[in-house]
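The listed protein sequences correspond, in order, to chains A and B.
If you read the first sequence in the numbering used here, its first letter stands for residue 26, the second for the next number, and so on.
If you read the second sequence in the numbering used here, its first letter stands for residue 26, the second for the next number, and so on.
There are 2 protein chains.
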Amino acid sequence: MIDMIAFDADDTLWHSEVLYASTQARFRELLAPYRQGDNALQELYETEMRNLQTFGYGVKGFALSMIETAITLTGGRIRGDEIQQIIGFAKEMLSAPIQLLDGVEEAVQELSREHRLMIITKGDLFDQETKVARSGLVPYFDQVEIVSGKTAEVYRSLLEKHGLAPGRFVMVGNSLRSDILPVLELGGHAIHIPYEVKWAHEAADRPHETQARYAELEGVAELPAYVDKLRQRDLDDPLEVSD
Amino acid sequence: MIDMIAFDADDTLWHSEVLYASTQARFRELLAPYRQGDNALQELYETEMRNLQTFGYGVKGFALSMIETAITLTGGRIRGDEIQQIIGFAKEMLSAPIQLLDGVEEAVQELSREHRLMIITKGDLFDQETKVARSGLVPYFDQVEIVSGKTAEVYRSLLEKHGLAPGRFVMVGNSLRSDILPVLELGGHAIHIPYEVKWAHEAADRPHETQARYAELEGVAELPAYVDKLRQRDLDDPLEVSD
Chain A
26 MIDMIAFDAD DTLWHSEVLY ASTQARFREL LAPYRQGDNA LQELYETEMR
76 NLQTFGYGVK GFALSMIETA ITLTGGRIRG DEIQQIIGFA KEMLSAPIQL
126 LDGVEEAVQE LSREHRLMII TKGDLFDQET KVARSGLVPY FDQVEIVSGK
176 TAEVYRSLLE KHGLAPGRFV MVGNSLRSDI LPVLELGGHA IHIPYEVKWA
226 HEAADRPHET QARYAELEGV AELPAYVDKL RQRDLDDPLE VSD
Chain B
26 MIDMIAFDAD DTLWHSEVLY ASTQARFREL LAPYRQGDNA LQELYETEMR
76 NLQTFGYGVK GFALSMIETA ITLTGGRIRG DEIQQIIGFA KEMLSAPIQL
126 LDGVEEAVQE LSREHRLMII TKGDLFDQET KVARSGLVPY FDQVEIVSGK
176 TAEVYRSLLE KHGLAPGRFV MVGNSLRSDI LPVLELGGHA IHIPYEVKWA
226 HEAADRPHET QARYAELEGV AELPAYVDKL RQRDLDDPLE VSD
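Here is the structure:
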């Protein structure tokens, strides 16, 4: 009844947004002497959104957007050594140790005994590959797919590529916009595990709570039991979502 | 006898290194007022190589390395508006129109009638995807693989993934280091079509000219006839390479 359980990676398997948040805090501090600390994060977000269609997702584009924002907000007065600090922030993010979320290793290990698992993550190819490799989770996953964005179209082609029927596919992730809504749209199952820090860009309205193919869990530790329940019930029946 | 013909993309299907070269010329010019134009390119290359294991390949990492080099070479005196110009160079590179090499469309079209074709390219995922999409070549290719690097190990896993035997696989590309040597190492066929501009990092010694599974062609227009010849001969016999 379930042929594949796919996991988002950043903020689902391991911490990521905290790295962005702490870098944003340092960026804000860097601009404080220019009396621009207060505007820094709003302006940065707008720069990122403007640059998204040129740079795509990922740390390197984020770094270029920080530099651009710093130049704009300081009217070009930002100093070379300060821009070098921003590049340093990016390098630290790219080489930061992988910190798994609580309970991830246990849940993934348990699920891998009876299910095929895959990772579907978006961002910089090289960065995501090294994170997967460094996570120690590789042995539990049958497939790793790194994509530039997570639209319904992208999921559709991944399902096709791996010969998966949407009704027998489960996606687990922290982003309603990227992990949940597009998968529900295709007729797949989606399990939302919210993360402590949210990126504004990923915000979206929650699906109707009683939708049969959707659930929200508080933590990944609840996942194996939930998947068991999912497997045992008839997928055509509406699901009781405990919330 | 040939199950798949794979093409590198940058400088094999479309021009890429000329974009880097013209950006480097602009970078050098930008630093000339600081009396650092002469060192600029050597220093940039060294910065790129140092950053490769953090940034990987691609335009965004190249841009960050240019910024870092400009700060170092000017002792931090480079101005904000000049760094903004460097970011502008990167954006222009990322949105530049795709210019196919002479004869590519005809050769690819002709080969696609009797062969399965794929693209194997390295670099930024998002950038490479949009280039493939904008190239107009998508209808001729069965598969597109974007990888973070082109080692023998990467080719091995791609061949495995697509169920391809090395002896029935042909790789076509401009880089001895990335397209030719690792494929020959695995027992595959490799056809080298040198490009007019070379990136120092991709330099490598040419394979022995009489190696049966290797050929060098002057241009992609020669490819269909060469593939026909390859298909007709017994793969176990040494190949006469006309050079």
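The beta-carbon is built from N, C-alpha and C at its ideal position, and this holds for glycine as well.
For clarity, every value in this text was computed on a predicted model and none was experimentally measured.
What residue range is occupied by the uninterrupted alpha helix (DSSP H) comprising residue i?
i, result
"tyrosine 82 of chain B", "No alpha helix (DSSP H) contains tyrosine 82 of chain B, which DSSP labels as neither H nor E."
"alanine 57 of chain A", "From DSSP, alanine 57 of chain A is part of no alpha helix (DSSP H); its letter is neither H nor E."
"alanine 132 of chain A", "129-139"
"proline 207 of chain A", "206-211"
Give the secondary structure of residue i by DSSP, where H, G and I count as helix, E and B as strand, and everything else as coil.
i, result
"threonine 176 of chain A", "coil"
"isoleucine 218 of chain A", "coil"
"alanine 21 of chain A", "Chain A is shown from 26 up to 268; residue 21 of chain A falls before or after that span and cannot be answered."
"alanine 246 of chain A", "helix"
"isoleucine 112 of chain A", "helix"
"leucine 183 of chain B", "helix"
"serine 158 of chain B", "The amino acid at residue 158 of chain B is misidentified as serine; the sequence shows alanine. Alanine 158 of chain B falls in the helix class under three-state DSSP."
"isoleucine 171 of chain A", "strand"
"alanine 228 of chain B", "coil"
"arginine 256 of chain A", "helix"
"tyrosine 45 of chain A", "helix"
"asparagine 76 of chain B", "helix"
"arginine 104 of chain A", "coil"
"leucine 150 of chain B", "helix"
"serine 200 of chain A", "coil"
"glutamine 61 of chain B", "coil"
"leucine 119 of chain A", "helix"
"leucine 189 of chain A", "coil"
"threonine 97 of chain A", "helix"
"phenylalanine 52 of chain B", "helix"
"aspartate 261 of chain B", "Only weak support exists for where aspartate 261 of chain B lies, its pLDDT of 48 falling under 50; the coordinates are left without a value."
"glutamine 67 of chain A", "helix"
Going by the beta-carbon positions, is the gap between residue i and residue j smaller than 8 Å?
i, j, result
"proline 207 of chain B", "alanine 177 of chain B", "yes"
"serine 182 of chain B", "glycine 81 of chain B", "no"
"leucine 89 of chain A", "leucine 142 of chain B", "no"
"threonine 155 of chain B", "isoleucine 171 of chain B", "no"
"isoleucine 92 of chain B", "isoleucine 111 of chain B", "yes"
"leucine 56 of chain B", "glycine 62 of chain B", "yes"
"alanine 132 of chain A", "leucine 248 of chain A", "yes"
"asparagine 290 of chain A", "threonine 37 of chain A", "Not covered by the structure: residue 290 of chain A. The range shown for chain A is 26 to 268."
"glutamate 71 of chain A", "phenylalanine 87 of chain A", "no"
"isoleucine 27 of chain B", "arginine 256 of chain B", "yes"
"leucine 201 of chain B", "histidine 217 of chain B", "yes"
"tyrosine 211 of chain A", "alanine 121 of chain A", "Contrary to the premise, residue 211 of chain A reads as leucine rather than tyrosine in this sequence. No, they are not a contact pair."
"arginine 238 of chain A", "glycine 213 of chain A", "yes"
"threonine 94 of chain A", "tyrosine 59 of chain A", "no"
"tryptophan 39 of chain A", "leucine 126 of chain A", "yes"
"valine 252 of chain A", "leucine 77 of chain A", "no"
"valine 84 of chain B", "alanine 46 of chain B", "no"
"phenylalanine 16 of chain A", "methionine 29 of chain A", "Since the first residue shown for chain A is 26 and the last is 268, residue 16 of chain A is missing from the structure and cannot be characterised."
"glycine 188 of chain B", "aspartate 35 of chain B", "no"
Give the DSSP bridge partners of residue i, in chain order.
i, result
"phenylalanine 18 of chain A", "The first residue shown for chain A is 26 and the last is 268, placing residue 18 of chain A beyond what the model contains."
"tryptophan 39 of chain A", "A:Asp35, A:Leu125"
"tyrosine 251 of chain A", "Per DSSP, none; premise fails for tyrosine 251 of chain A."
Which residues bound the beta strand (DSSP E) around residue i?
i, result
"lysine 147 of chain A", "142-147"
"alanine 240 of chain A", "239-241"
Round the Cβ separation of residue i and residue j to the nearest angstrom and send it over; I've been treating them as touching at under 8 Å.
i, j, result
"arginine 159 of chain B", "isoleucine 108 of chain B", "The Cβ separation is near 28 Å, so there is no contact."
"arginine 53 of chain B", "leucine 66 of chain B", "6 Å"
"glycine 105 of chain A", "glycine 101 of chain B", "3 Å"
"aspartate 33 of chain B", "valine 222 of chain B", "About 15 Å separates the two Cβ atoms, so there is no contact after all."
"serine 25 of chain A", "lysine 186 of chain A", "Given a span of 26 to 268 for chain A in the structure shown, any question on residue 25 of chain A remains unanswerable."
"glycine 128 of chain B", "valine 245 of chain B", "5 Å"
"valine 169 of chain B", "valine 157 of chain B", "6 Å"
"leucine 184 of chain A", "threonine 79 of chain B", "Contact doesn't hold; Cβ gap of about 34 Å is too wide."
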